[in-house]
Each structure stands twice: as structure tokens, then as C-alpha cells.
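Numbered as in full-length UniProt numbering, the first sequence ends at 242 without a single skipped number.
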Amino acid sequence: MNFREPWPAGAEEATALQSRLRRSVTRTGPAVPEIRRLAGLDVTYSKDDDRLIAAVVVLDAATLEVQDVVVHEAKPRFPYLPGLFSFRELPPLLAALEKVDHLPDLLMCDGHGIAHPRRFGLACHLGVVTQIPTIGVAKQALIGTYEEPGPSKGDRSPLTDQGEVIGSVLRTAAQVKPVFVSIGHMMSLEVACEVTLNSTPRYRIPQPIRLADQTSRRTLKSPQTYLVSDPRPPDGYQSRPA
DNA sequence: GCGACAG
DNA sequence: ATCTTGTCGC
């Protein structure tokens with residue numbers, strides 16, 4: 001899944017592309033026991049320059065044992081605009097995914113899935129492009145209305161927009177603010193919530209995303225940790241001779 | 001027009 | 001998102 005494809009030049013093109021791609025999103029997928037490998041994805045940005053680091057952490061869905069960690073450094077190809085988030089983070093995340101040895105059965109994204117104005121957030125885009133089931137877990141709502149969920153871990157309330165349930169406001173731990181779970185592609189909301197809870201043993205943020213966040217952040221500060229292992233073509237090498 | 005607005 | 005240590009409280 002290379003991504004040197006044409007990329008939308010602005011908001012107009014990007015919005016049009018979302019409206020077209022949204023039609024291929026499906027809302028049913030694997031059951032919890034069938035999800036063996038779970039990946040968390042995140043991107044960290046530098047304040048000094050225009051570098052960004054994408055990280056993918058693959059873990060055993062049952063034990064949460066880390067199986068693989070990959071990072072990728074790149075430059076932004078699109079600005080951050082609410083509702084067009086995927087055009088900023090998709091390219092680096094796909095590049096990082098290409099470095100993973102064994103592809104996971106589920107991708108957990110730091111952002112929304114269908115809980116989006118056009119029902120096509122980052123998790124949907126990533127799922128449609130990779131054809132891997134995806135779910136979105138966001139710390140803040142983008143759209144929708146909801147009631148405060150109960151105080152215990154597992155308590156949830158529907159996130160609604162235009163009379164449609166677009167996600168769940170889920171309490172992942174007691175005494176913490178809830179997170180916003182929505183399906184990306186090839187996934188049901190019920191399974192999405194269960195997997196999220198199963199992968200959140202202690203803190204507010206699910207372990208896969210939390211580890212991806214830490215990995216990308218630490219790599220930006222100390223590149224040698226993971227970036228040294230990045231395969232790099234020799235100087236002057238032309239991967240695709242002109 | 002005003003406020004809101006994933007990361 | 002990014003700038004940032006310790007500290008207060010469950």
C-alpha cells in the first residue's frame with residue numbers, strides 16, 4: 001500500500017474524496033475472539049521544525065504483550081483542519097504500517113471513525129485503504145450529543161448526531177473522563193467497545209494507543225531509539241529510475 | 001451572525 | 001498537536 005498517489009491539494013478536493021470513499025465503509029466485522037493482533041497508531045509533531053513521527057505498536061489482543069514496534073519519520077502533506085484530519089495523518093501512518101512484519105487484525109486509531117460530519121474520520125479512511133478492521137478512539141468529541149455515562153469502567157452512553165448513533169462515550173476507568181469510541185471500517189460498535197475495554201487495564205487511554213503515543217513522542221526526542229533501524233537506501237540510489 | 005472545531 | 005515538574009488527591 002504505497003501512498004505516492006495523488007493527494008488532495010485543498011479542503012475542497014479532500015471533502016469530495018471523503019464523500020466518495022465513505023460509501024465503501026462497512027459496519028460489521030470480526031468477533032472479539034477472532035482479533036489476535038491489535039495495533040495502536042499515533043503521530044507526534046515537532047514544534048521546532050516540520051518533522052513528524054508516526055508510530056505503530058502491535059500487541060497480542062489477549063495478553064497485551066507487545067509484539068512489534070515501528071516508527072516512521074516524515075513531513076506533513078496536509079494542514080490540520082477539523083474534519084479533514086485523515087489527510088494529515090494517513091500518509092505517515094501507512095508508511096509506518098508498511099514496516100510491520102505481521103499485519104494486525106485490528107487498527108486502533110487516535111481519532112474518530114464515523115463520528116464525523118461526513119461519517120468518514122481517520123479510522124474509516126485507514127480501514128478503507130488498508131482493508132483491515134479499524135476503530136477510532138478519541139479524547140474529545142468532534143460532533144454529536146450525549147449524556148454523561150455512569151462512573152464505573154464499562155459504563156457508556158450513545159453518541160448521537162442527526163438521529164443516528166455514531167459512537168459510544170465510554171468510561172475506560174473509574175474517576176476519569178470518558179473516551180469517544182466509533183467504528184472505522186469492517187467493525188461493529190459493540191465489538192469496538194469491548195476491544196477498547198479489554199485493552200485498557202489501567203489508564204484512561206487504551207494500551208495500544210498509549211504505547212504508540214509514547215513511542216512516537218520519545219522517538220521525536222531521541223531518534224536513535226527506533227529510527228536507527230530504519231532501512232535507508234544508499235546515497236544516490238534511485239528506487240524508481242527516471 | 002455566533003460558537004464549535006478529532007490531532 | 002506543541003511548551004512542561006512537581007504536586008495534590010483518589
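Ideal Cβ placement from N, Cα and C applies to all residues, glycine included.
- Query: Taking the continuous beta strand (DSSP E) assigned at Glu190, which residues delimit it?
  - Reply: Looking up residue 190 in the first sequence gives position 190. That residue, Glu190, is in no beta strand (DSSP E); its alpha helix (DSSP H) goes 189-198.
- Query: If Leu71 sits next to Tyr226, beta carbons under 8 Å apart, how far is it from one beta carbon to the other, in whole angstroms?
  - Reply: Taking the first residue of the first sequence as 1, we reach residue 71 at position 71. Taking the first residue of the first sequence as 1, we reach residue 226 at position 226. The amino acid at residue 71 is misidentified as Leu; the sequence shows Val. About 4 Å; that satisfies the 8 Å criterion.
- Measure the Cβ-Cβ separation of residue 247 and Gly40 and say whether it is below 8 Å. Summary: the structure shown does not reach residue 247, with the chain confined to residues 1 through 242, and so no result is reported for it.
- Query: Going straight from the alpha carbon of Met187 to that of Ser46, what length do you get?
  - Reply: For the purposes of this step, residue 187 is identified with residue 187 of the first sequence, where counting begins at 1. For the purposes of this step, residue 46 is identified with residue 46 of the first sequence, where counting begins at 1. Looking at the two C-alpha atoms, the distance is approximately 33 Å.
- Message: Please give the ranges of any beta strand (DSSP E) in the segment 99-124, keeping only runs that are unbroken, at least 3 residues long and fully inside the region.
- Response: 106-110
- Residues near Ile143 in its chain [Cβ-Cβ closer than 8 Å; skip 5 each side]: Within the first sequence, the letter at position 143 stands for residue 143. Same-chain partners within the cutoff: Ala115, His116, Pro117, Asp161, Ile166.
- Message: For the alpha helix (DSSP H) containing Asp213, name the first residue and the last one.
- Response: The count along the first sequence starts at 1 and reaches residue 213 at position 213. Start and end: 207-221.
- Task: Would you kindly report the start and end of the unbroken beta strand (DSSP E) that includes Gln67?
- Result: Translated into positions along the first sequence, residue 67 becomes position 67. That run of the beta strand (DSSP E) goes 66-74.
- Task: Within its chain, find whatever has a CB closer than 7 Å to the CB of Tyr146; leave out the 5 residues flanking it on each side and keep chain order.
- Result: Taking the first sequence and counting its residues from 1, the one referred to as residue 146 is at position 146. Counting only Cβ-Cβ distances below 7 Å, and skipping sequence neighbours, we find Ser157, Pro158, Leu159, Thr160, Val169.
- Message: Nearer than 7 Å: is that true of the beta carbon of Thr28 relative to any heavy atom of the ligand SAM?
- Response: The ligand content of the structure shown is nil, which means the ligand SAM is not present either.
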